[in-house]
Structures are given as C-alpha cells and as structure tokens.
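Number of protein chains: 4
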Amino acid sequence: MVQSEGRIFSGKDVAIHNSRESCWIIVHGKVYDVTEFLDDHPGGSKIILKYAGKDATREYEPIHPPDAITTNLPPEKHLGSVDLATVEKVIVQITDEEKARQQRVDARPSLDAILNLHDFEAVAKLVMPDKAWAYYSSAADDEITLRENHAAYHRIWFRPRIMRDVTKVDFSTTIFGQKTSMPIYITATALGKLGHPDGELNLTRAAAKHGVVQMIPTLASCAFDEIVDAAQPGQPQWMQLYVNMDRNATRRVVQHAEKRGIKALFITVDAPQLGRREKDMRQKYDAEDPAEQARTGGDVDRTQGAARAISSFIDPGLCWKDLAWFKSITNMPLILKGVQCWEDALEAYDQKLAGVVLSNHGGRQLDFARSGIEILVEVVTKLKEKRGITFPNDKFLLFVDGGVRRATDVLKAVALGATAVGIGRPFLYSFSAYGTEGVEKALQILKDEFEMNMRLLGAPTLKDVVPSMVDASNVHSHIVSVPGDNLYNNNYESLPLARLKELKSKL
Amino acid sequence: MVQSEGRIFSGKDVAIHNSRESCWIIVHGKVYDVTEFLDDHPGGSKIILKYAGKDATREYEPIHPPDAITTNLPPEKHLGSVDLATVEKVIVQITDEEKARQQRVDARPSLDAILNLHDFEAVAKLVMPDKAWAYYSSAADDEITLRENHAAYHRIWFRPRIMRDVTKVDFSTTIFGQKTSMPIYITATALGKLGHPDGELNLTRAAAKHGVVQMIPTLASCAFDEIVDAAQPGQPQWMQLYVNMDRNATRRVVQHAEKRGIKALFITVDAPQLGRREKDMRQKYDAEDPAEQARTGGDVDRTQGAARAISSFIDPGLCWKDLAWFKSITNMPLILKGVQCWEDALEAYDQKLAGVVLSNHGGRQLDFARSGIEILVEVVTKLKEKRGITFPNDKFLLFVDGGVRRATDVLKAVALGATAVGIGRPFLYSFSAYGTEGVEKALQILKDEFEMNMRLLGAPTLKDVVPSMVDASNVHSHIVSVPGDNLYNNNYESLPLARLKELKSKL
Amino acid sequence: MVQSEGRIFSGKDVAIHNSRESCWIIVHGKVYDVTEFLDDHPGGSKIILKYAGKDATREYEPIHPPDAITTNLPPEKHLGSVDLATVEKVIVQITDEEKARQQRVDARPSLDAILNLHDFEAVAKLVMPDKAWAYYSSAADDEITLRENHAAYHRIWFRPRIMRDVTKVDFSTTIFGQKTSMPIYITATALGKLGHPDGELNLTRAAAKHGVVQMIPTLASCAFDEIVDAAQPGQPQWMQLYVNMDRNATRRVVQHAEKRGIKALFITVDAPQLGRREKDMRQKYDAEDPAEQARTGGDVDRTQGAARAISSFIDPGLCWKDLAWFKSITNMPLILKGVQCWEDALEAYDQKLAGVVLSNHGGRQLDFARSGIEILVEVVTKLKEKRGITFPNDKFLLFVDGGVRRATDVLKAVALGATAVGIGRPFLYSFSAYGTEGVEKALQILKDEFEMNMRLLGAPTLKDVVPSMVDASNVHSHIVSVPGDNLYNNNYESLPLARLKELKSKL
Amino acid sequence: MVQSEGRIFSGKDVAIHNSRESCWIIVHGKVYDVTEFLDDHPGGSKIILKYAGKDATREYEPIHPPDAITTNLPPEKHLGSVDLATVEKVIVQITDEEKARQQRVDARPSLDAILNLHDFEAVAKLVMPDKAWAYYSSAADDEITLRENHAAYHRIWFRPRIMRDVTKVDFSTTIFGQKTSMPIYITATALGKLGHPDGELNLTRAAAKHGVVQMIPTLASCAFDEIVDAAQPGQPQWMQLYVNMDRNATRRVVQHAEKRGIKALFITVDAPQLGRREKDMRQKYDAEDPAEQARTGGDVDRTQGAARAISSFIDPGLCWKDLAWFKSITNMPLILKGVQCWEDALEAYDQKLAGVVLSNHGGRQLDFARSGIEILVEVVTKLKEKRGITFPNDKFLLFVDGGVRRATDVLKAVALGATAVGIGRPFLYSFSAYGTEGVEKALQILKDEFEMNMRLLGAPTLKDVVPSMVDASNVHSHIVSVPGDNLYNNNYESLPLARLKELKSKL
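Residue numbers (UniProt numbering), protein chains in the order written: chain A, 1 to 507; chain B, 1 to 507; chain C, 1 to 507; chain D, 1 to 507.
Below is the structure:
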C-alpha cells in the first residue's frame, strides 16, 4: 500500500503532470497525485491547478494542518519523493488586491489605539485575506443566531450594589482545580493559520502570559503536540474533540492528549455535520476562475464548503450510550460542548459528566438556535427545580460561549451561574491583526474591564457576582417588529435641529 | 349565438378596424371585436390598440390563459376566422428597457452560484419583465402581512437535542396516503407564463423529479389538462379551486379534475374578491401611454387591477352550507384554503373536512391578517382544548403557507403540528429566472437544508420533530417600536472603531 | 367706541404710515392701525411691514378667518374706510421658490394615479406653501404621539372569518339618528384656506356628495354660516367648540349653531392651551427677515406659534361643573372631544353626555399622550366592568380620531367598539393638492377599501365587525429597543445575494 | 518641604529646561518641574512639551481647576517663582481646525432660534473644542446606558385628565425646606471650563435668576468658594462629594461647605473608580503627535482617560459603616447619589439618610446599568411593600437623573414619586454654546414646557401629578429585536408614493 512512497522523482517527471487530466503537486518534498481530488478541494480547483506539476509548499503551508494532504488523499496517491534540486522555483505573482491588502497591513493602527475587542475585528477585517475573513466570520444560513449570540446579552441589565469595599477586586477563579486569572477561556476554533502563520501558537503564548486556559481544537492548523509543547510548565490546556467514526482513531487521540497533560475533554455534540455557511461558500465561488466555472458547470457541489470537507470524519451517530466508552478510555473530566436545552443538560448531569458548554457553535451550525446565555437561564432554573442544585457548582460546571465582546457580558453569565465563558473569534481577530501581541492586548483589555466593572458592580470577588445583580427577565424575548409602513414613514418629515447661520444661508 | 364564428375574413377586412372607435384583433387565427373591452383590459388599452387591426397572437400568448379571450368576450364579439396568409406580419419594436433586460438575462449567475431561495428572487427581480415582477411580488395595501408572513418565523426559535444518532435522516412524509420527499408542496399561484413561457409546466416537471406535490391553480396560464398531462405516472397533483357563481361550471371543473386523478381539492375561502395590490396597480398606470391617460381621464377604474379582472367569476356568496353540495359532487378530500382563526378550523373539523390551509393568500388579500404559522399555534391549542385532538393528525391535516424561505421555517411548522407547508413565490422566481432547472435547484437546496437541519435538531425523522423543539412563545407579539426621537438621535455621535493610519490622515 | 370707523381716508393718508413706528394697512377697504400688533402677529412682523401703508387684502384674504383682524385688533385701531380708487396697486413679487412650487403644482399626478390616502400627503407636501405644510403637519414636542397615533393601529391584527355570504356588503351606519355612508366623519381642523382658497367648503361639498358628516371647526378659515350655507338640504353637520372665557360669546355661538341645524356639539377638552409645535415655530422663524430678527432680538416670544395666537380666547378654566350650563343653553347632543382615559369617559357617561371622542388632538398637544385606539380598548373594558354596558352603544357613543389612513384602521376601531372614526389631515392634504375633487377621491378610495376589506373580514354589515375579529393584545406595548451596539454592528458584514455576472466583473 | 518655592528664577533659567528630558513650565508666575508628570498628563504629553521652558498660563487656565497643578505635582516639583518680565511671550498658533471652529462660533443661531434642550446640544457639538465635546458627551463602553437613560422615558406614557381648572398652574416645589421654581436641579458635572471660560459660574448665575438649585461638583473647574461667592443671598446650593481616601481632607471639605451655607450633601456612591470612556480615550489618542506616539509606544497607559487621572483620590473602600462618621462631622442632610436598586435604597432609608439619587452617573460608569427612572418604579414599589411609605415623601426624598430633555420627562418622574430631577449635560451644552444666557434660556424653555404640559395633564400643581397619570408598565422592557434577515429585506421592494409627472419622466 505505501510502497510507492519509496519512489524518487525528478522535477521533470512531475512537471509534465500539469493539467486537469493529470495533476501532480509537490508538498514538503513529497509528490502527490491530486487529479481526482481537484473538485473536492475546499479552496477550489483553480488554486491547485496553478501549482500543477510544481512545488506548492509555500502556498500550502500556512493554511493547512500539517497532515491535511496525507489524511485526505488515499495512500495510493502518495507517489513518493522528489529531488528538490531538480524542481523549478515557483514565482508567486502578487495581485493588485493582495498589494492593497499588504498596504493595509502596514497601516494598522498601533496597539495603543485598540481600546476594546471590537477594534481587533475592525482591523482584522481590513488586513486579513478574503478567504480567511470569510471562513472565520461566516455562520449558518441567514446568520441570525450569530448576531443573536451578541444581542442576547443586551437584553440583560445590571443591578449594581453600592457602598461595598472594592479597593481590591479579584476576578480569578478555579476550574477543574486549576487557577485561572479571569472567568474566561480561549475556546477552540479551527484553522488558525488562515489568519496568521503561527496559528494557534499565538493563543498558547498569550494564554501563558495572562494565566488563562486554552482549549485546543481538533481542527487546529498547528499539530496538537506543537501546541502542547509551546505551553509553559503548568499552563492548563483543554482539548476539544470531534468524535471520529473510527473510534480507534478517537481513542488514540484522547489517550495521547491525557498523556500530554490535557486537563479536560470537551466533546463537541452540536456538529454531527458541519454547517452550510453561505458567506464562505460564496467567497469560494467568487474566487474561482470563470473558465473553470464554465467547465465544471453544475458538477461541483457548492453545498460543501471548507467546513464540510475537513470534517467528513465526524460521526453523526454519536449517542448518549457512547459516554460509557469515553469513561472507559480516559480519566479526564468529560464535558459536552454544544448543549442547547435543559433536558440535555439534565441528562449530562445525571450521567455524572463534569459539565456542559451551553453553546450553538458560534452561530455556525443551526440558525435560530438560541444563545448560550439564554439557555443558561433555563438550565439553572430547571436543574434547581429537578435536582435541587445551584450554580456555579463545582460538581457540574456550566460554561457558555458565543457573542462575548465585553467583560460585562462575562459578568452577566457569571451572575447567572456560569463558571467561565469561552471566547473565540475575538482572539482569532486579535492574532490575525497583530499576532501574539494582539491576543495579549485583548486579554489585558478584558482584565482592565473586569477590574473596572467589578468595582462598579460592588463585587470584590466573583463569588459576590450573584443572580440578583442582573435582571434577565427579557432574555427569552425574540421580537421582530411589525414590518414598517413605508408610505407613512416616507411622508413623515423629520424634525430639524437648530442650524448654524451659514449653513442655513447655503441650504 | 355562435354563427358569426363561421365567417372568414381577409387581413384587410380586419386591418381597417384599427382605432379606439372600432378595434378588432386576431388571436390564433380568430377575429375578435374588442372595442368595448378596451377599458376593461387589465393590462390597459394601449397594448391592445397597438395591435388594433393586426395579429396579436405573439403578444397575447405568453401572458393569457388559453381561453382568456373567449371567456371574457361575449360570444357576439367572436367574429370568425381570418385567412392568415393575407395578414401583414407584425414587427415588434424592442425598447431600450427590454434590451437592457435581455442583457441582464444573459448575465444571470450560473445555477451553481445560487445558494438559497432568496437568490432566485434576487435574480428574478432583475431579469423578469416589470409587469410580471409587479404581479408576482405585489400584495395588499401596505404589504404589512406580506412581510409579516416571513417575519413571524423569526419569532420562533429552536431547542435542538444532542447525542442522537442522525447518521440517516429521513424527511419524507405521507399526505392523503401518498409519499412525498419533503414536508412541502408547491402551492397554487396564478399566471405562470408571466414569468416563463412554459408557465406552470416548469413546476410539474420539477415536482416529478423531486417527488413533491404540485397544487394546480384555477388561474393557471397553462390549461388544466396540459398540466395534468405533463405529470409523470403516479405523480400526485392537487387542485386549487375558486368557486364560480355558476355552480354548474364549478361542478364540471371539479368532476373533470377527479376523473383526471387529482388527489385533493383545496377550496379557496380567503378571496371572495381578489385584492387591491397597489404595486401592481401603479405599475399598470405607469406603463400607460400618457396620451391615452389624458384621453381616458378619470374614466378608467384604476382600482381594478389584473387580479380583479380575471376573477370576477368568483362567488362572494360561498357559505358553510355549500359544503354539503361539494361532498355530493366529489369524493376527493376537501380542504379549505385560507382559514385564519381557530373558530373556522374547528368548524371545518366538525364538518368532517380533510383539513385546512392556514393562510392569508400570501399577503395579497387582507392586510394585517396574521401569518399562517401564528394561526397554527392558536389552532393546535384550541382544537386540543375543544376536541381533544393532537397534530399532526391523519384525520384532519393542517397545512400552512406564506413567507417560507428556508427548511428551518418548514421544520418550525412541522414541530408545531403542520403536516406540510406550501411554498409559492420562491418557485415562481425560480422558473422566472431559470425555467424548470431553477425549480429543481430550489427543491435540491431545500433537501440539502432539510438534511443538515434535521441532523442539527437531533431528529432522524419528521416524527422526531416535536413541539418541545421550538420556543414559539413570542409568535403572537406584534410590536411596533415607539417612534424615534430624531432630535436626540441626530445629536448622538456614534462611537468609531479603530481606523487604519492612512484613513486617519485622509479624514 | 366705533365712531372712528366712520372716517374715510385717501390712499395717501394711509401711505405715510409705512414704518414700524407707525404702520397702517388696508383690508377689504378698511383701514387698520397695526403698529402695536406687529410683534404679536403669528406670521411675523415682516409680512405686515411689507404692506405698511398699502392694501394687504390679497395677501390677507386666503389665510385669515374673515373676522380675524376685527377680533384681534381693539376697536380703536379700526380707523375707518379708504377710497380704494386713490390707493396704489400692490405688485406682488413672486419668489423663485414660489415659482418652483407653482411648477410642482402643474406637475401633480392625475387623480387616477392616487391610490390611497398616503398619496395625497405625498403630493400636498410638494405643492403646498411651506407655512401651510408646517401648520398642518406639525405636532407637539418630538412628535412621538403624532406618529404613535398611526403606529398603534399596526399593533392590532385581524382574525377574519370565512364562508360567509359577502355578496353584498353594507358599511353605512347611523349616528345621532342620521344615516352616514361610512363609519367615518371629517373631523374639525383649523385654517383650511392655508391649503386651498375654498378652505373648509371643499369638505362640505365632498361630504355632501359621499354622504358623510363634516364637523365644523371653531377656527375655520371660512365663516361658520358660509359653511352651513354650502351644505345640501338634509346634509348633517356637527360643530367643534373651543369654549370662550366669555361665556356669553360661547352661548351666542352655540345657540346660533343649533338654530342653523347643527346636529351635535363636540366640546374640545384637550386644549386648555394650544400646543407648542416646533416645526411650525421653526418655520416661522426661518421665514423672518434677518434684519428684523436682529432688531427684535430676544423680544419676540418665539414660544407663541400661530396656534397660540389665534386661540388666546380659550378658557383653561373649563370644568365638569360647566356641563350643567351647556345643558341649559342647548338641546344638541353634547360630546367631549379629547378624552384620554377611562376615568373621564366614565364621568362623561355618568353625567349623561351623548358620547366622547377618544383623541389626543392629532398629536398636537401633549406628547406621549396615548393614541385614541389604545384608549378605546381601556374605555370599553372599564365601562363594561363598572357600568355593565357594551359598545357600540346608542346611548353613549365612542368616537376615535388620529392616525387613520386606511379602511382597515377604521374597521379595527369599529370592531373594538367605536361608532365612527374621525379623519382630519388626510382630507386637508386632499384639498390642498386637488381641491374638492381631491376630497371626493379620498372618500371614494375609502369606500373601495371598506367594500374589499369587509368582504375579506367576512362581515356583510358593520354589526358583523365584532371584537373577536381583532387581536388587540399588543396595543398597550410601548417598546423602545435597547440602543444599538454600533461597534458590533459596524463590524458585521451583511450577507450578499447572488449577483449578475457583469455587476461582479465591475465591482 | 516647601522651601524651594521661595526661589526666584529668570526666564532664561526656565527656558533651558525645554525637553522631554527636563521639562519646566511656568503657570501663574510659578515654576514647576513636570518632567516626570509628562506621561501622566490626561491631555497627553505633547501639549506640555509645546510649553516646555515657557509660560503655559494661557493654555492652562481655561481647562484646569485652579489648584490642579499644585495638587497633582509633589511639593518638591514646585520650584519657585519667575520674574515674568524676563520671560519671552508665547505666540499661540491657531490651527485651521480652530479657525473653522471660531467661524462656527460666529455663526451660532440666535437664542431665539433655540426651541428646546436638544438644540443647545446641536450647537454645542459644532462650536465646542473637540476634547471638551469628547469629555462631556462620552460615556462607558458602548454607551448603551447613556442612550437608555433617555430611551426609558419613551416607554412611559401619559394618562392626562380633562375638565379641570388649569387657569393657573404652579410647578414650584419645596426641597429640604427650600422653595424652588421647578422640580428640577442643576446636577454636578465636572470641568465646566472645558466648555466656557466662566465654567460653573454660568450655572450659579442662571440658577439664581430662575430660582433653581445648583449642585456644586467636587471636580469643578472653578474653586468651590468662587462658586459659593457667586450665589445670590439665600440662593440654595448643594454639594456633590467624592470621598477622599484621606478622610481628613474630606472632613475639611464637608465642614467648610456647611459653614459656607451648603444645604445638602450628595455623596457619590456609583464611582469607586471613574469610567473608561472610549470616545474620550480615542479623542486623546488621535490628538497626540504621531512622533510622540511612536516614541512612547506601548508605555503610555491609554486606559487612563482624563476622568481617571483627576480622580485617583477617590476611595473605593467607602462603605455603609462610613455613614456614622459622616453624621458625626456634619448636620447637612445626607443623600447617596448613584443608588441603583431597591435594596440599597431601603438600606439608605433604614439608616435614616435624607434621600437618594437614583442614577447611573449619566451612563459614564457601568454600561448596562439601568436608568434612574426605571429604578424609581422599583424603589417606590418595594419601599411601599417593605416599609409602608409612599412617595414623594418629605422624610426620604427620591431624586432621579440622566437622559432628561423635556419637561414631560420630569413630569413622568414626579408622577412616579420623585421629588425632583437632576439635569446635567443639557446645561453644559447651554453654556458651552451661549454662556450664562444659554443656561437661562434653557431654564426658561423648561418653564414654558412645564406650564403647557401641566395644563394638558390637567394638573394645576405638582401634587396633582399622580401615579395614575402615567402608564409605566413597559419601563422594565429591555428588548433587542431579532437580527434582521438581510437577504429577505434586500429583496423586498418598498412601495412607492405617487410622484410628480416631471420626476417620473426624469426617472
């Protein structure tokens, strides 16, 4: 099966396979036959054909997990090695669009001018490559849930207390027995190298510096061990797991993680199939060569975006009864990531898991799924009613993620019973715009906000952030206004304000 | 009465009747005196006068039901036949506007680039003739209900379940004993040839290919038999019925339909008079020749749009007591289309009908009528309370239509008790933009969405899509915000995001 | 006291009083000394000074009630008559702005193109003089109530009934024993000649033609008798009354009205002081001569707009105990216009009045007063609870006004218990744009809408328009959304629709 | 410690210290070494370096409290005096931007054209220096609470009464035994000289003229005694207090205030740390010299805006138990300013304080803090429930501030139980645009509005403004609409109004 890998080709041998009919490429000195893979490539066939018969390493490297090609291509397409000395160098043409982007990179505001997490996104949007932006920012269907995740926090208001000694405020907490500087963690997000050449390592380094936990994603751009190796001694890391249809593969991954010191296993349960994200799909389509488009016609399945292509191994048959097996292969705390109603949270509790993440996968899976913060209110109410427990609770931890941009958002979740809150995209945007320093700055901003806002809440410690400090009575309101009466509104003449004299004479 | 039809005219005989005072036209080789009909023509008199004394077949054909002229014109105006060899050919002048439209048709994106049902509408709006767009897209009064139909779905949110085996998902269902591939059907919409020369046949063909039901409209552009003939063996079709004041005419139509194998009869009950649709009315007016406008002055009744003109036969006296008669003339299941409150749904149930369609006629009739999905919640609640029945229910089927654009919309209706959901305009836009292939693509998109979203809901079959999977507690909220405080808002200076350095120096 | 009126001046005698220090003007052949009145003139001093020493009749006539000058000026300023032959003719300069307005008047769309009441406003806004538009359209403070009056109807939705014989629909009704063709009336509005030279007579004529009631305003531009004289035999008219501090003046007016056949007396109770309407105030200010502005400095009281100036006679001391006196001077039914809560409606009922108008004066008085339709729901509920009566009720009539633009609005009010609904501004705009024909067209549009919508409601007569036909459960919701998160929203990139190929290549 | 102040320098002695390495400046004839203070200066280092070695008095004077430099700089940096005759005059370069601003100042509309409080803000925004505008208008985080403060009033609607004698209306009231002309007071706001050279004295003078109370801020630009001295005999003034970590300093300030006749002490309890206000922070950053920015890099702590720098003395340890001490040092009524929930209001009542201000510090501290008017509803309800007291109540006064722009806002608060309402920014904008006259005009506008609106409410005195006059049932609604469906909305074609003929032919 792998004997062909032993062959050694010359550059010329490879160069003649430079067409759609026969397309070989070189990556890291290995030769691959990707002819049959062309139409399945998430990034489109055009970009591969550009390197047909050539060395694609420089293009491949930053945006693929190290083992992407070996995993996606059947072994018989791994043809062997090439003598790199005989390979012609590829000269990359830089497009005008890319030049303009580089100029925007040079014009980034200094980190001093970044005042909040929104700012990172504003800069990243301008300086990231289009496809990276599309992949990170896109979400399911009409992206209603994406935005609801943020909006839901705005339906929760504070009831701050006064006349309490807040000279010292302490917003550190303990999760699974380990100290963390803030009640947040860096949640798992895929393909970090799309945004920055160091990918997820940016997060590892910043997490170390600021004392927060990083959750390592199954679909990282960097290799798992690379990320673990980059951690400081004692730096806590968790693992996010997509369960493979091949349970042996999953067992190997889980047991390796435990051996490497991972502190908790977050099993993703909201993604039996990865989402149709139309911005991502449209971006890919727009990027395609018109000639290639015409050729392939209706044959290419546009409904399969990047997410789907890299995730076909995920088992849609994962069930409650699989939990026994997980308990048999690891001693790490088990947490279900993507619980979306109290009934499933109760089941997880009854099954003696360590906790749940109330999450809708950043709005990327089911549109009109409710926000984690809304589900939190329901879960806390019902688990108290059904099992008499209160939150936060060391025996069964509630996490929330999605839509968080401010420490006030986090404090609302904490008041309502969450142990910690996951933040994803803001850190992606931070390193996409500024690398590791960006993530550090983002974490520092959060610390400043925590200090300020805990003082203003009258809460010296997180234990003092209690349910009566928030009014969440509107969290379940999903209102759409009656459609506007355009005829009436167009007739209505808006009142003017007082105007300067000059302006008046000009008008 | 019909003896005049025996006469044969020469082209010259007809050509002299070329004025408002005496206006004859030729259609399909027959001669008609339309002088007195000029001001009643829904499309305005101008377009007829353009063909006064000439052959109007090419203009007439695509936008009229085959028997429109014979039905609307009294028999004595059917003058006879013409010797076509003696008729001068009409040269159609193509306007600049029409040329621009043709260019837009040529520039349609390929079907690959169509990712959702919205996209069809976006393309159709650009490539359809103005009057076709106006007729399809228009609705009653301020079009509040039109938009509410869509908006109401956005007040319903999901409560998805996890850890269920969704390796296989099956979204087929059975309606009136017949299998259908999805819980949707193509609902009845009028005048299909306005959008595409093949009219309703596009729907018949695509329905066959994808295994869904087509409801044939009374006001189809294609003849009823033509549509039935186009069906594949065993392909289920239903019939939508406007009840004629002449009950014998209705009897003939119904019994003919049953004989041709129609599986269910949907009697429209929300349209005793067809709607004032101002976009449609304004379009017609704008299209009129200014000279003609000046001449006719206030004489033309602008309140009678196309809808009214083609529907004057509908009986506004239709009553509950007529149902006995319907039961006496047919064995097809009888369904009332356009039920809008639980009281009438209960009456239909008590009268042992087969079901009801909760619908407001696509927002085209009574503005501020509530959406079908909102009525569904009320009907299910009250029929359970009054008669102890639950839904979906094989004895009494609930259908919903209006405003549907996503499989998630349909799944919400199914969760709340609907057997299937009718979709209309999206398919009109699909074939107006791309013919039959457009409708096929639209159906394929829905299938992709069903597969994805049922997985994400944790529902392997439609039976698993249950009421507790949705939160519809806001569905009855009809909120209009307090009018804006423009003075305050205009004074408020919106916060800026971080900006690039160049941009800053330029500003 | 009036002997000076006997004097006869020459044109030259008058012409020398042409300055701010001594300012005489001629109106209808009479000479008036307006020197001390200059700063009190609602339209500003500049327009009077333009005619200082001259004949102002042409300018005065269209915008003042006939007796305005004699009422506002003390008798000693009525100097006498002038020999008109000796007076120099005034040549009126037409400004560029006025020329542009005249061109817009010529470009009005034909009445055929007017499809709804909104259209009249759209045309009137373009063709009316600025100050007329400002006076008619303006309202109190931030004009929140003005717009809420319309918006409130949008929180009420229909529950139409089906399968009822609506072959014939009859929307006529009886009010105070008199037949009217629709459940609407033309409510009282001031200064009709601002919009059209025939002023309120336009309304009288159209009301006659269409069989509806006109309410004659105290502040009409036309004289009361002129309006009554213009009525057809048997045409019902009502009177709106501002109660004068001089009760004898009020007694004379009321008893004269009764003698002239007025059928009901509507006493305005929501305007002890007429409103600050800032659009109106700003308009006046902008129109002032800068030189005059500089001269007068802070001396002119800008807080007194036109409304206040013409209404200083209104008695802010009017009380419940005054009702006995009203009953003693007239046998006309007495109705209070401007009731705004159930407590006052109950008091009116207990005092055996004929009814109340639930109104906030078209949003022109107290901002954040609730809409009439909202108050109706409260009044009907509470009067049933407190006195066991139901509505509509012949013994105690409920009227509503404010914000009505569609027959559906009226039908909502009727369903909720109103006998009829007052419509004001739409008729002002109708005659401002098209004179009497405009009002007739507006009434015809309403009839068309009533016919259509009663059919669609399943209501052959107004008695069939019952409470269960509407859902008014949201009518008391006064929601203001949480202020927008501009940073988040500005970062969010809206999803695109499919685009034409050309457009793509251009972008 | 202070001996160095005795030294006398020549201009040349000072002039050589003109660099970042050694930076001396002259203010009011004194010499200060500010080298180490450069990076702590709230206005940035650049503006100081511009005056390095020179006389900075003209620049310093308008924007600093008189003792700012002596307080902020340690005594050893107070170097001594300078012989002013030997100092070179500084020539201030006026930027183009400043010239444009001066032109806008000259073009201010006359005070006659100012119709409401919004107008002052519109003018001030255009004529104030950028940093003054940024400091006054900025608020916490996303400025949600800032805007909510205003929006909350819009969720409260009136239930006015009719037929009451409102010939005379009296809106005066009594607070702490002293008469005031309206139920409003001028609340404490910092740094008045940023907007106008006379700073807080503008407020003192206007308050005297119109008979309202001024609350003197701890962080006034003018000296406390200056403000007290400017008051008329018997003019009531209150004091706002930030409690110093050095309690002796606070004792001195409080006892001095009591001696000077201050009538009440308002202790600020919502600001243990002054807020991060990003508009203010961004303004400062933008204003910085790019070269200076580059040099300082990440060293300057941008999270410390002006507010924080001038407020580092505030004690975040202030507690309920400190109240005993306050009672021991003064007999002035004690009021807590910044109470935000009923629990703390109840505690203040139980501790026998004189009242509380329900306030969130103008939205400048904790974002998503609720508005004062919303808290008022909760406090009145709960204190009645817990202690059986009703409001307004002479023993325990409730004040509200934040977001007020209209007398109707104030009347809503009064109806709900407030004794008086604090107004801040509108008066800052009034004097920033027009000096003392601006504030006088603002107060006169409020009086006009009170007179009008109390008449329209049917309330001759403030005692007649009762709870049943308002509907506050929506005040706790914090709704965020479901995010918009952009695809659907972009497809929807808004209905057109009737258009003029010309316009049509052009389009």
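By construction, the Cβ of each residue, glycine as well, lies at the ideal position given by its N, Cα and C atoms. These numbers come from a predicted model, not from an experiment.
Classification of residue i by the beta-carbon crowding that lies within 10 angstroms, buried from 16 upward
i: residue 93 (chain D); result: exposed
i: residue 204 (chain B); result: buried
i: residue 503 (chain B); result: Residue placement at residue 503 (chain B) is poorly supported in this model, since its pLDDT is 49, which falls under 50; the coordinates still yield a value, given next. Result: exposed.
i: residue 8 (chain B); result: exposed
i: residue 74 (chain A); result: exposed
i: residue 28 (chain C); result: exposed
i: residue 381 (chain A); result: exposed
i: residue 319 (chain C); result: exposed
i: residue 84 (chain C); result: exposed
Limits of the unbroken alpha helix (DSSP H) element including residue i
i: residue 438 (chain A); result: 425–457
i: residue 127 (chain A); result: 117–127
i: residue 401 (chain B); result: Per DSSP, residue 401 (chain B) belongs to no alpha helix (DSSP H); it is in the beta strand (DSSP E), 397–401.
Any chain C beta carbon closer than 8 Å to residue i
i: residue 130 (chain A); result: no
i: residue 122 (chain A); result: yes
i: residue 477 (chain D); result: yes
CB contact below 8 Å: residue i versus chain A
i: residue 366 (chain C); result: no
i: residue 133 (chain B); result: no
Chain B within 8 Å of residue i, Cβ atoms only
i: residue 411 (chain D); result: no
i: residue 488 (chain D); result: yes
i: residue 408 (chain C); result: yes
Cβ separation of residue i and residue j, assumed to be a contact under 8 Å, to the nearest whole Å
i: residue 215 (chain C); j: residue 242 (chain C); result: Incorrect: roughly 13 Å between the Cβ atoms, too far for contact.
i: residue 108 (chain D); j: residue 498 (chain D); result: Going by Cβ atoms, the distance from residue 108 (chain D) to residue 498 (chain D) rounds to 40 Å, so no, they are not a contact pair.
Short CB-CB distance (under 8 Å) between residue i and chain D
i: residue 150 (chain B); result: yes
i: residue 430 (chain A); result: no
Kindly provide the ranges of any alpha helix (DSSP H) runs that are 4 or more residues long and lie completely inside the segment 209–261 of chain D, ordered along the chain.
-> For the segment 209–261 of chain D, the full-length alpha helix (DSSP H) segments reaching 4 residues or more read 224–229, 247–259 along the chain.
Which whole runs of the beta strand (DSSP E) in the UniProt domain "Cytochrome b5 heme-binding" (6–83) of chain C are 3 residues long or more, in chain order?
-> The UniProt domain "Cytochrome b5 heme-binding" (6–83) of chain C contains these whole beta strand (DSSP E) runs: 24–27, 30–33, 78–82.
Go through the segment 94–172 of chain B residue by residue and report every complete run of the alpha helix (DSSP H) that reaches 4 residues or more, in order.
-> Within the segment 94–172 of chain B, the complete alpha helix (DSSP H) runs of at least 4 residues are 96–106, 117–127, 130–137, 144–151.
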